[in-house]
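Structure, as structure tokens:
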Amino acid sequence: MEETQPPAGVAFLNVAPSYVPHTRVECHYTLPPSTKPSARDWVGIFKAEVTSVRDYYTFVWCTVPESGGVTGAPIHCSVQFQASYLPKPGAQQYQFRYVDRRGEVRGQSSPFRFNEPRPMDELVTLEEAGDDGGTDMLVVVPKATVLQSQLEESQQERGALLRERHRLEDEVEELRRRVTELEEALGSLRDEHNKLAGQYKELSGSHEAVSEQRKTLSRQVAEREARIRELEADAQAMGQRLLEKEAELDRARNTVKSLLRQQEQIHHQLKEENAEKEQYQVKLQASEKESRSLACDLQEAMTLHGQKLSQTLLLQEEMVQLKHKLGIAQRRTVSTGIPHSTGLDWGEGGWQGSGI
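Numbering (UniProt numbering), first residue to last: 1 to 356.
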């Protein structure tokens with residue numbers, strides 16, 4: 001968006017070089033983070049050459065925006081000037097000026113004029129229903145007003161779709177990262193499981209006193225295998241969600257492309273208008289800056305990732321304890337010198353009996 005003030009003051013946005021005098025004028029501006037808005041602040045229309053805040057042509061009181069925005073970010077606000085209070089058309093230049101409750105000017109816009117539209121080639125007729133539901137009326141309005149309304153609707157729809165597209169892209173990227181982390185954790189668990197299985201086979205002929213301890217280790221290995229299967233199921237479900245989000249993202253992209261084509265058609269119409277229509281072209285080209293609603297979703301994803309990581313670390317710690325116990329059992333077997341077999345062998349499907 002075009003800003004006509006330095007960052008330290010109030011910045012007026014999308015100020016057109018001229019306005020139609022018999023239609024309401026909407027004025028957008030941003031307040032810097034250091035400015036505390038007040039209901040006694042106001043925005044006035046001044047002749048460009050005047051210096052006193054008392055010499056305004058008309059003004060409206062500012063509305064205090066609701067809290068809940070991003071801390072430290074500029075605050076976007078707007079006011080409307082009704083058509084009956086606007087200056088008459090002519091060569092006189094005017095400015096929007098933001099005046100605070102102490103009477104100090106906190107920001108001013110670039111100059112603009114109020115010009116009448118061209119005669120009938122600049123007007124269109126619209127059919128409008130009567131207030132009592134009776135006979136319809138034909139309303140004659142400037143063609144620029146109709147185009148501006150169409151452009152604003154298109155910009156709002158495009159902005160919503162772009163925000164949704166960005167949200168989906170971030171969510172897909174987060175899902176991909178989580179799938180990769182799950183696959184890495186699964187590979188690490190499989191390696192630890194293979195090491196534990198090898199150590200268990202080495203203890204298959206140990207002393208009878210170690211058999212009970214080996215049964216305990218066997219149960220723990222079975223629990224690890226069940227946990228591995230759970231992680232595999234989680235990774236598969238995460239991959240399915242990733243595919244669904246990518247499909248949803250493709251649909252959003254196609255919708256945005258269609259909307260962009262419509263905006264190009266409107267933009268082509270606006271370029272054929274005279275210099276007073278350039279305000280709409282500026283509005284069309286400046287719209288893509290607000291999207292911070294993903295913080296909550298990202299926090300939830302980070303929390304889930306932390307839980308998965310804590311589980312993986314706990315499993316790794318338990319594996320280290322098992323390896324320590326197996327080492328103790330092996331040393332006790334060597335010291336006694338009595339071989340023993342419990343009839344359990346490690347096979348492709350888990351622990352199996354050897355017939356003893």
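All C-beta atoms, glycine included, are put in the ideal place defined by N, C-alpha and C. Model, not experiment: these values are computed from the prediction.
Inset, instruction - Using the Cα positions of Gly187 and Thr180, report the straight-line distance between them to the nearest angstrom. - result: Computed Cα separation, rounded: 11 angstroms.
Inset, instruction - Within 10 angstroms of the Cβ of Leu309, are there 16 or more other Cβ atoms? Answer buried if so, exposed if not. - result: So Leu309 ends up on the exposed side.
Legend entry - Three-state secondary structure (DSSP) of His22: Looking at His22 - three-state DSSP - the assignment turns out to be coil, as it is neither helix nor strand.
Inset, instruction - Would you tell me roughly how many angstroms separate the C-alpha atoms of Asp121 and Asn115, rounded to the nearest one? - result: Confidence is the limiting factor: at Asp121 the pLDDT is only 48, short of 50, which leaves the residue's position unreliable and the question unanswerable from this model.
Inset, instruction - Flag this pair as touching only if the region 209–216 and the region 295–313 have three or more C-beta atom pairs under 8 angstroms; answer yes or no. - result: Contact between the region 209–216 and the region 295–313 is absent, because fewer than three Cβ pairs lie under 8 angstroms.
Legend entry - According to DSSP, residues forming a beta bridge with Gly107: As DSSP reads the structure, Gly107 sits in a beta bridge with Tyr98.
Legend entry - Nearest neighbour of His22, chosen from Pro89, Tyr29, Glu66, Thr63 [CA to CA]: Relative to the Cα of His22, the nearest Cα in the group Pro89, Tyr29, Glu66, Thr63 belongs to Pro89.
Legend entry - Arg224 to Asp234 span [Cα, whole Å]: Rounded to the nearest whole angstrom, the C-alpha separation of Arg224 and Asp234 is 15 angstroms.
Inset, instruction - Take Phe12 and list the residues in its own chain whose beta-carbon comes closer than 6 angstroms to its own, dropping the five residues that flank it on each side. - result: Contacts found: Thr4, Tyr29, Phe96, Ser109.
Legend entry - Contact set for Ser38: own chain, Cβ-Cβ below 6 angstroms, skip 5 residues either direction: Arg101.
Inset, instruction - Could you pull out every residue in the same chain whose Cβ sits closer than 8 angstroms to the Cβ of Leu182, ignoring the five residues on either side in sequence? - result: Within the same chain, Leu182 has close Cβ partners Leu231, Asp234, Ala235, Met238, Lys308.
Legend entry - Residues near Thr135 by beta carbon distance below 8 angstroms, same chain, minus five either side: Confidence at Thr135 is low in this model, with a pLDDT of 49, below 50, so its placement is unreliable and the value that follows should be read with caution. Here the set comprises nothing.
Legend entry - Best match in Thr51, His193, Val50 for proximity to Glu318 [C-alpha to C-alpha]: Of the candidates Thr51, His193, Val50, the residue whose Cα lies closest to the Cα of Glu318 is His193.
Inset, instruction - Kindly indicate which three-state DSSP category Cys296 falls into: helix, strand or coil? - result: In the displayed model, Cys296 falls within a helix according to three-state DSSP.
Legend entry - Rounded straight-line distance, which links the Cα of Leu249 to that of Arg178: Rounded to the nearest angstrom, the two C-alpha atoms are 18 angstroms apart.
Legend entry - Asp41 versus Val25, Val64, Asp55, Thr58, residue with shortest Cα-Cα distance: Of the candidates Val25, Val64, Asp55, Thr58, Val64 places its Cα closest to the Cα of Asp41.
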